[in-house]
Amino acid sequence: MAKPLCEYYGKCGGCNLQHLETEIQLKQKAELIRHVINFEDIQVFSGEGYGYRNRQDFFFRRNGIGLREKGHASEILVVDKCPIAQPEVNKILMELNLHFKDNDNYSLRSGQGTFISAIVRAAAEGNGVCFVLNDNSPRLKEAVEKIEEYARGSQAGNIAVFYVDPNNKDFREPNDENFFVAKGNEYLAQNYLGRKFCYPIEGFFQNNHQMAEQMQKYCNEKLAAYGTSMTSKAALLDLYGGVGTFGIINSSLFRKVTIIDFSSRSIACAEKNIEENAVKNAKAIAMDLRSLKKLTVSGPLFAITDPPRSGMDIRALDSLNELKPEAIIYISCNPLQLGKELPRLKNYSVKSAAMFDMFPQTNHAEAIVELGLKN
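Last residue of the sequence shown? That's 493 in my numbering, and every number before it is there in order.
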C-alpha cells in the first residue's frame, strides 16, 4: 500500500488509485488492456506519478473553486492544490481561489448562476485560463469585469472567456459571438520531438506532456519499421487528428498526409502547425468522421486514429475497415471501448500493443494497438 499525497483523497472524484504502489497500478492497467483486446504481449510505458497534468478543469462554488466530489457530480469540493497537477497549474489555482472567493457560481441543481468552470493550462509558451460562463445568466457583465480585473494581475499570460448554454448538450465551438480573449492569445503552444504545436486554449490537447511525447515516439517507430520502400509511396490518414501532432511528426515517412477532425478550431491550428513546421506534403480537413466514406483515397494507405473516450463512430469504423490501410495505429484513452470496436475491424488483427500510463493515480490508461491486414 502507498500513502496518498493528496489531503482530499477519498473526497475528490479525481484520483482513485493513490493508495496503490505504482507497480501495482501499472500491472492492473496492462492486465485490463491484455484482457479486452485478447493480446498477451503488452509493452508498458510510465513516467512521473505526480505533478504531471498540464490541464485541470476547476469548477466554481460560492466560496472558491475546486473539483467534483467523489460520488456526487453536482457537488464541488473546494481545493487549494492538486498534487497530480503541474506546479504552474497549482499557482494559478491559488490565484483563482483568492480572487473568486465570492462568486456567482453556476449550480447544476438550480440551473442558475454565472461562473461554471475555469480551464487552467500550463504550456511551454505561456500559461492560460479559459473561463466558462453560463450564457443565460443576467450577470455576465459583472462576471466579465471581475475576470478582466483578475487578468490584469494574474501570472497567466493568456486568458479567455467562453459563453456556453448548459442546457444545450450539443458540441459547440467558440466563435466571434461566444468567445473573446481578455489577455494574451487564444492559442497556447507545446513542443513534441523538436516540433512546435499550437492548440486552442479551451480545446483538446494531451494533458500529460511526458507520456504524450513517448506515445509520439512509439508511433513514429512503429510506422518507420515498415520501411521507406513501403511508406514513401503511401498516404497517411490521421483521423480524429486534432491539431495534427501525429500526422505532422510522421509526415517525413509518407508521400502525403491528411489530417481530419470534426473541430474547425483544432483544424485551424493544424493548418498553422503544418506551416510552422514547414511540412509540404500535409493538409488538414474539418470534417465529420461519419462522412469518411466520401473521402477519395488512392494508392497504398496507412492510418492513425485517436478518437475521444466514446470511441470511433460506427460509420467511420466501417469506412476505415473498407479502405483497408496496410496498417492502423489505434490510440485509445478508453481501452474498454477499444475492446468493443476491434471485432468490427474484421479485416485486421493485432500485431503489437502498448499501455501508456497517461493518467497516474487514476484507473484510466492510454492504449496503442498496431493493427495489420489479415492475409
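All C-beta atoms in this analysis are idealised placements derived from N, C-alpha and C, irrespective of residue type, glycine included.
{"Asked": "Burial state of His-327, where buried means 16 or more other Cβ atoms lie within 10 Å", "Found": "buried"}
{"Asked": "Distance between Val-250 and Pro-292 (C-alpha atoms, nearest Å)", "Found": "11 Å"}
{"Asked": "Chain-order list of residues whose beta-carbon lies under 7 Å from that of Phe-289 (same chain, five-residue window excluded)", "Found": "none"}
{"Asked": "Buried or exposed by the 16-neighbour rule on C-beta atoms within 10 Å, applied to Glu-488", "Found": "buried"}
{"Asked": "The stretch 337-356 touching the stretch 183-202, judged by at least three CB pairs closer than 8 Å", "Found": "no"}
{"Asked": "Collapsed DSSP secondary structure at Phe-364 in the structure displayed", "Found": "helix"}
{"Asked": "Separation of Asn-285 from Ala-396, as counted between CA atoms", "Found": "42 Å"}
{"Asked": "Residue burial classification, Glu-304 (beta-carbon count within 10 angstroms, cutoff 16)", "Found": "buried"}
{"Asked": "Alpha-carbon spacing of Gly-169 relative to Asp-283, whole angstroms", "Found": "32 Å"}
{"Asked": "Span of the beta strand (DSSP E) around Gln-273", "Found": "Per DSSP, Gln-273 belongs to no beta strand (DSSP E) and is neither H nor E."}
{"Asked": "Alpha helix (DSSP H) runs contained entirely in the stretch 148-232, provided each spans 4 or more residues", "Found": "205-217"}
{"Asked": "Three-state class that DSSP yields for Thr-140 in the structure shown", "Found": "helix"}
{"Asked": "Asp-220, buried or exposed, once every other Cβ within 10 Å from all chains shown has been counted against 16", "Found": "exposed"}
{"Asked": "Between the CA atoms of Cys-387 and Phe-233 - distance to the nearest angstrom", "Found": "27 Å"}
{"Asked": "Meets three-Cβ-pair contact criterion under 8 Å: the stretch 147-162 and the stretch 456-475", "Found": "yes"}
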